[in-house]
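Here's the structure we're looking at; comments come further down.
What follows is the structure in structure tokens.
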């Protein structure tokens, strides 16, 4: 039974608004082939199980992992699927290794958002009797949350637009990002209104892509595979209520609980001081601020001050989303695995032009469900 689990390999596709040149299996094969080549591992000899993250409705077929089972090594072998967010695949894979059932796990998350309509897909997440028929989707629900959060704490449109400016500028250093550029606050504030107060530039774009990762247990085994294993030091998950009216949308109880569990496992008592970089999931610009508060980086309502003071910039005291975040273009379902992958690359020192100097501890956060109903927090370290 392993006492520790490490990330020993990461591979990501180029993220794109539309990958018409490949089907889902071919998209998945790109990253699986790369991560196996990078680590020198073979599915038949070295991988004890595989876990994929996808979604039936996004893929347009029941049991969405059917299309990639052979690619991920599921033929006559153990292959399991989680849905909604790739961070859950990391969580589940880590549990399997810690239990002693497996020793080396291949993870995959894939989605082609271009092949369907996000509003229709996300509408299916709502209760079919009361709220689905109203036409709710994740964007309209997020608009309610943004308005509630801004009203409760005085968060301004200028502060949320600063998140967009920061992340899209960071993305210019990330060759895998497709939504990037040196924009101004005025560019964001004058982009078309989608769902008040959310404008087009406040919303992560539709994207196609995939991410693969390999987890290994036992220090000796992990160091046989790579010189730079990244250890999963702590993790936590939590759900909030389903109905929007049963939650205070200016708060994030599930993230509070998930973060507390991850910090306790990682023995972190002061996350603002002990974490070097954060890669979190901001499908909408305001979420970067709200999630920072939920992670305990600052008190509720104070994250706007962090962005104003430059704390979360690449050269700030606590860089947030140096990769460009989700606003730079990361597919649904892939988002959480991408967050963990980017955090791991920071600890490995392999993040390229968006590498933050001196990273030893990183935090990744993924979520699923409208307005962050479910959160997963993972703390990574190089030792």
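Numbering (the working numbering), first residue to last: 526 to 908. Every residue, glycine too, gets a C-beta built ideally from N, C-alpha and C.
Going by the DSSP bridge assignment, what does residue i pair with across the sheet?
| i | result |
| --- | --- |
| residue 633 | 577 and 737 |
| residue 703 | Answer by DSSP bridge pairing: none, since residue 703 is not bridged. |
| residue 686 | In DSSP, residue 686 forms no bridge with anything. |
| residue 763 | 900 |
| residue 841 | DSSP lists no partner for residue 841. |
| residue 755 | 532 |
| residue 716 | None, per the DSSP bridge assignment. |
| residue 541 | 733 |
Identify the continuous alpha helix (DSSP H) that holds residue i and give its terminal residues.
| i | result |
| --- | --- |
| residue 870 | 860-873 |
| residue 621 | 612-623 |
| residue 819 | 810-819 |
| residue 678 | 663-678 |
| residue 708 | No alpha helix (DSSP H) contains residue 708, which DSSP labels as neither H nor E. |
| residue 558 | 549-564 |
| residue 770 | That residue, residue 770, is in no alpha helix (DSSP H); it is neither H nor E in DSSP. |
| residue 657 | Per DSSP, residue 657 belongs to no alpha helix (DSSP H) and is neither H nor E. |
| residue 570 | 568-571 |
| residue 646 | 643-648 |
| residue 832 | 828-834 |
| residue 747 | 744-750 |
Give the straight-line distance between the Cα atoms of residue i and residue j, rounded to the nearest whole angstrom.
| i | j | result |
| --- | --- | --- |
| residue 766 | residue 749 | 44 Å |
| residue 744 | residue 624 | 16 Å |
| residue 841 | residue 835 | 6 Å |
| residue 676 | residue 906 | 37 Å |
| residue 871 | residue 881 | 7 Å |
| residue 784 | residue 819 | 8 Å |
| residue 668 | residue 775 | 12 Å |
| residue 531 | residue 869 | 10 Å |
| residue 726 | residue 687 | 11 Å |
| residue 757 | residue 711 | 40 Å |
| residue 527 | residue 619 | 10 Å |
| residue 622 | residue 540 | 30 Å |
| residue 794 | residue 812 | 24 Å |
| residue 655 | residue 777 | 23 Å |
| residue 674 | residue 684 | 12 Å |
| residue 579 | residue 542 | 18 Å |
| residue 792 | residue 839 | 26 Å |
| residue 896 | residue 874 | 33 Å |
| residue 546 | residue 857 | 19 Å |
| residue 878 | residue 733 | 23 Å |
| residue 863 | residue 537 | 8 Å |
| residue 588 | residue 884 | 39 Å |
| residue 898 | residue 651 | 12 Å |
| residue 867 | residue 848 | 7 Å |
| residue 643 | residue 612 | 20 Å |
| residue 699 | residue 690 | 15 Å |
| residue 939 | residue 640 | Outside the displayed span of the chain (526 to 908) sits residue 939, for which this structure offers no information. |
| residue 630 | residue 715 | 46 Å |
| residue 760 | residue 781 | 12 Å |
Between which two residues does the beta strand (DSSP E) containing residue i stretch?
| i | result |
| --- | --- |
| residue 537 | 530-537 |
| residue 890 | 886-893 |
| residue 608 | 604-608 |
DSSP state of residue i, grouped into three classes?
| i | result |
| --- | --- |
| residue 879 | helix |
| residue 724 | strand |
| residue 802 | strand |
| residue 782 | helix |
| residue 848 | coil |
| residue 906 | strand |
| residue 596 | coil |
| residue 793 | coil |
| residue 697 | helix |
| residue 485 | Residue coverage of the chain in this structure runs from 526 to 908, which leaves residue 485 outside it and unanswerable. |
| residue 590 | helix |
| residue 824 | coil |
| residue 584 | helix |
| residue 853 | helix |
| residue 787 | helix |
Closer than 8 Å, CB to CB, is residue i near chain C or not?
| i | result |
| --- | --- |
| residue 603 | Judged by its chain identifiers, the structure shown contains no chain C, having just a single protein chain. |
I want to know whether the stretch 694-703 touches the stretch 791-807 - three or more CB-CB distances under 8 Å. Flag = no, the stretch 694-703 and the stretch 791-807 do not touch.
Cβ pair count under 8 Å reaching 3, the stretch 574-583 against the stretch 627-637: Flag = yes, the stretch 574-583 and the stretch 627-637 touch.
On the three-pair Cβ rule with 8 Å, is the stretch 713-728 touching the stretch 653-668? Counting Cβ pairs under 8 Å, three or more are found: they touch.
Counting beta carbon pairs with one atom in the stretch 564-574 and one in the stretch 600-614, are three or more of them shorter than 8 Å? The stretch 600-614 vs the stretch 564-574: in contact.
Would you check if the stretch 700-709 and the stretch 838-857 touch, i.e. whether three or more CB-CB distances between them fall below 8 Å? Yes: at least three Cβ pairs fall under 8 Å.
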